[in-house]
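Residue numbers (full-length UniProt numbering): 1 to 661. Each residue gets a CB set at the ideal place from its N, CA and C atoms; glycine is no exception. Below is one structure, written out as structure tokens, with a few remarks after it.
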Amino acid sequence: MTATLQSSRTEATRTQAPSRIIIEGVSPQVDGGRFPIKRVEGETIVVGADVFAEGHDVIRAVLRHSSGDGPWVEVPMTPLGNDRWEAGFTVDRIGRYSYTVEAWIDRFSTWRDEVSKKSGAGQDIASELLEGAEIVRQAADRAEGHAVRWLSERAEAIAGGGDQADRTSLALDPQLADLMEQYPDRRGGNTVEPAFEVVVDPLYARFGAWYEMFPRSASLEPGRHGTFRDVEARLPYIAGMGFDILYLPPIHPVGRSFRKGPNNTLTPGPGDPGSPWAIGATEGGHKDIHPELGTIEDFDRLVESARGLGLKVALDIAFQCSPDHPYVREHPEWFRHRPDGTIKYAENPPKKYQDIYPLEFDGPDWKGLYEELRDVFLYWVDHGVTVFRVDNPHTKPFLFWDWCIAEVKRRCPEAIFLSEAFTRPKLMKRLAKGGFNQSYTYFTWRNDKQGLTEYLTELTTTNCREYMRPNFFANTPDILHEYLQTGGPAAFKSRLVLAATMTAAYGIYGPPFEQCVGTPVRPGSEEYLDSEKYQVRYWNLDAPGNLTGLITRVNQARREHPALQSDWNIRFHHVDNDRLIAYSKATPDRSDVVLVVVNLDPQNTQSGWTYLDLAELGISGGDAFSVHDLISGGRFHWQGASNFVMLDPHQMPAHIFHVSR
């Protein structure tokens with residue numbers, strides 16, 4: 001026995017005995033309460049716990065919850081059997097909530113059960129009535145108002161010398177039981193401490209369609225560097241497709257030292273713009289605007305115009321610096337130096353990033369660095385930005401992110417952070433636990449039925465769902481998967497449908513996605529040829545064969561069907577062809593049900609029989625039902641679990657069916 005436990009028990013002996021109540025297995029929670037769970041406004045949190053004690057005493061349990069510094073509210077927990085208890089509460093505002101479970105032995109109900117059994121068996125209960133009278137008398141001491149006198153008189157009547165049958169009847173009176181429940185004796189109870197926490201975010205932390213674009217490529221004139229005014233002119237196009245968030249890569253001054261040329265070459269020409277992720281020049285750093293994009297006033301106008309169309313502007317925050325960044329001159333201690341005194345540039349062997357200096361988070365002025373980076377976020381919050389995509393957060397300390405995100409959300413509770421961490425699973429999950437509201441995922445590399453099914457099952461049914469919200473990006477400027485390189489338009493269509501319907505948050509990098517751009521810089525590479533990361537591109541938004549119409553219909557389906565606005569409700573259905581995948585989503589009351597079938601083969605027509613779990617679709621047995629394809633508009637009448645599906649990828653590789661009886 002440890003000294004701490006001995007001391008604790010000694011102290012308990014001096015005051016009161018330790019609680020006999022055991023509370024275990026509280027859910028939901030993350031790592032025993034070390035990290036908060038995540039929810040959005042309006043969601044109900046169902047809390048469960050194993051609550052028990054030795055013997056057969058009656059136990060009561062309550063769920064206690066509090067909003068911020070508000071008062072604790074109690075909700076009686078319902079026993080489900082096998083000592084499992086459950087109750088729920090709804091979070092109706094952005095911020096932090098606390099919740100815990102409290103339980104105690106209900107002495108009155110335990111006594112009442114005993115009296116009922118003994119009196120029913122004809123046994124003498126004179127002593128038991130005296131015990132009960134004392135329990136009621138103690139309740140009178142805790143009571144308020146008219147209940148004080150009522151309970152006192154009832155205690156006297158139960159203890160009095162009248163007929164035992166009459167006294168028993170008074171003791172078992174339901175009115176007494178109801179009143180006793182209002183003034184419980186919680187002595188010897190137990191409460192889970194410290195309380196668990198939940199971070200409540202705005203809806204767009206769970207549900208939203210992201211559109212990424214490079215402002216410098218927004219010009220309507222080939223060869224001209226785009227501006228914020230050009231992006232503003234493109235807003236109706238983006239909003240018209242049904243997107244919720246416009247995400248911009250770094251918009252800061254780009255360094256000139258070791259600037260990269262087209263296709264990541266080391267020999268840029270005089271007009272090459274360099275990588276936006278090589279942040280910092282004589283014009284400024286992370287709190288400044290690239291001069292060719294415009295001014296801070298132009299940016300403010302863009303944010304306001306986007307808001308008027310229902311769009312939020314998200315910024316890419318990349319904590320790294322060009323050799324020309326003001327930080328290099330003003331704070332050399334914020335960087336890692338070689339033995340010869342030069343600053344180390346970034347590397348991911350064999351890749352070299354000579355145009356980027358990583359920051360040194362373990363340096364002598366780590367505190368000053370932490371505060372400055374926090375202030376970068378707060379600067380953009382002051383300019384109307386509440387959504388941030390963070391570049392490579394897994395290369396910075398976890399404790400920094402824990403602190404920084406908490407600091408920003410203390411000032412701006414509605415802020416959300418998307419973690420761009422294509423890294424090992426445990427690192428990705430730790431970032432999510434520490435405060436990131438959304439996470440990039442391995443969706444890019446899950447292209448077959450088994451991989452998709454297993455991955456979605458992990459994300460939506462294991463405990464990681466309590467803290468890690470997936471955002472399925474169908475493509476990114478960094479990653480052009482082989483599936484898109486070789487699959488043609490059919491691959492882009494199927495990946496769009498999968499991303500947009502499997503998870504509530506998804507994104508595309510456009511215009512390359514709309515125009516099915518799939519040419520890599522070289523065979524075996526996942527980099528785009530002529531990538532916008534290194535050069536200005538001109539895009540004809542009306543190019544033949546673009547997917548704008550399909551994207552619009554898919555996003556419309558997402559907005560009109562609540563079933564598609566959650567992650568946890570995905571259910572997979574069997575299809576007798578491994579190149580076809582089928583899954584459904586439904587609202588809890590089955591008032592909205594969507595069934596999706598996708599051909600994963602971008603080259604060939606695939607067909608097969610579905611074997612649907614009809615209960616998940618809200619369909620009884622052999623009932624007939626109709627499915628309305630939200631992409632093509634077609635309607636079909638199905639009956640029973642087995643139905644035939646055929647999908648030609650060169651026409652449309654997917655169905656998004658609205659199911660109705």
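Just the Cα atoms here: how many angstroms apart are residue i and residue j?
i: D365; j: G88; result: 46 Å
i: K449; j: N577; result: 10 Å
i: S642; j: L630; result: 21 Å
i: I570; j: K118; result: 52 Å
i: L5; j: A159; result: Its pLDDT being 33, under 50, L5 is placed unreliably by the model, and the measurement read from it follows with that caveat. If you take the alpha carbons of L5 and A159, they lie about 42 Å apart.
i: P349; j: P326; result: 27 Å
i: L385; j: P512; result: In the sequence on display, residue 385 carries Val and not Leu. Cα to Cα, the separation comes out at about 25 Å.
i: T462; j: I37; result: 13 Å
i: Q651; j: P470; result: 29 Å
i: E347; j: V62; result: 54 Å
i: H252; j: E532; result: 15 Å
i: D83; j: V26; result: 12 Å
i: N392; j: G487; result: 29 Å
i: R112; j: H561; result: 51 Å
i: R216; j: H383; result: 20 Å
i: G310; j: T519; result: 33 Å
i: residue 662; j: Q438; result: No answer is possible for residue 662: the residues shown for the chain start at 1 and end at 661.
i: L498; j: I22; result: 45 Å
i: H225; j: E407; result: 36 Å
i: D141; j: W403; result: 47 Å
i: Y345; j: W539; result: 33 Å
i: S607; j: G308; result: 45 Å
i: I405; j: S275; result: 26 Å
i: R537; j: A543; result: 14 Å
i: L456; j: E74; result: 35 Å
i: G549; j: M241; result: 8 Å
i: K352; j: T265; result: 11 Å
When the Cα of residue i is compared with those of the options, which residue comes out closest?
i: M180; options: A143, Y237, G271 and R389; result: A143
i: R553; options: L496, S419 and G451; result: L496
i: I105; options: E333, W150, A133 and I59; result: I59
i: V192; options: G33, T548, N437 and A432; result: G33
i: G81; options: T610, W380 and D50; result: D50
i: M77; options: R216, G70 and W85; result: W85
i: P270; options: V408, Q535 and S494; result: Q535
i: T90; options: Y183, C516, I23 and V200; result: V200
i: T453; options: G510, G208, K287 and H573; result: H573
i: F207; options: E420, Q606 and V40; result: V40
i: E128; options: A205, R338, A140 and S109; result: S109
i: A306; options: D340, G70 and L246; result: L246
i: K367; options: L151, K351, M646 and F400; result: F400
i: Y528; options: P489, R446, N263 and R559; result: N263
Verify the CB distance criterion: does residue i have a CB-CB separation below 8 Å to chain B?
i: N475; result: Among the protein chains of the structure shown there is no chain B, as only one such chain exists.
Does the distance from the CB of residue i to the CB of residue j come in under 8 Å?
i: I656; j: V593; result: no
i: I317; j: V390; result: yes
i: A504; j: P602; result: no
i: Q320; j: I343; result: no
i: T44; j: V115; result: no
i: Q164; j: A126; result: yes
i: Q515; j: N555; result: no
i: A239; j: G507; result: no
i: T227; j: G294; result: yes
i: Y467; j: K433; result: yes
i: K312; j: Y483; result: no
i: A586; j: G618; result: yes
i: P202; j: I94; result: yes
i: D648; j: T605; result: yes
Task: Stretch-stretch touch, CB-based, cutoff 8 Å, three pairs: the region 14 to 23 with the region 183 to 195 - done: yes
Open item on the list: Please give me, in chain order, every unbroken run of the alpha helix (DSSP H) with length at least 4 that falls completely inside the region 511 to 578.
Closed with: 548 to 560
Open item on the list: Please give the ranges of any beta strand (DSSP E) in the region 314 to 373, keeping only runs that are unbroken, at least 3 residues long and fully inside the region.
Closed with: 346 to 348 and 351 to 353
Open item on the list: Any contact between the region 230 to 248 and the region 258 to 273? By contact I mean 3 or more CB pairs, one from each, below 8 Å.
Closed with: no
- [ ] Would you be able to state if there are at least three C-beta pairs under 8 Å between the region 55 to 67 and the region 82 to 101?
- [x] yes
Task: Complete alpha helix (DSSP H) runs within the region 378 to 458 (minimum length 4 residues, chain order) - done: 398 to 411 and 425 to 433
Open item on the list: At 3 residues or longer, what runs of the beta strand (DSSP E) sit wholly inside the region 588 to 639?
Closed with: 593 to 599, 606 to 611, 624 to 629 and 635 to 639
Open item on the list: Contact between the region 620 to 627 and the region 571 to 591 is defined here as three or more beta-carbon pairs at a separation below 8 Å; is this criterion met?
Closed with: no
Open item on the list: Three Cβ pairs or more, each shorter than 8 Å: is that satisfied between the region 161 to 180 and the region 464 to 480?
Closed with: no
TODO: With a floor of 4 residues, list each alpha helix (DSSP H) that falls wholly inside the region 158 to 201, ordered by position along the chain.
DONE: 164 to 171 and 174 to 182
Open item on the list: As an exercise, report each continuous beta strand (DSSP E) stretch of at least 3 residues that is fully enclosed by the region 462 to 495, in chain order.
Closed with: 471 to 473
- [ ] Pick out the complete beta strand (DSSP E) segments inside the region 50 to 74, 3 residues or longer, and give them in chain order.
- [x] 59 to 67
Task: Ordered list of alpha helix (DSSP H) runs contained in the region 203 to 240, each at least 4 residues - done: 228 to 240
- [ ] Count the CB pairs spanning the region 333 to 340 and the region 266 to 286 that are closer than 8 Å, and state whether there are at least three.
- [x] no
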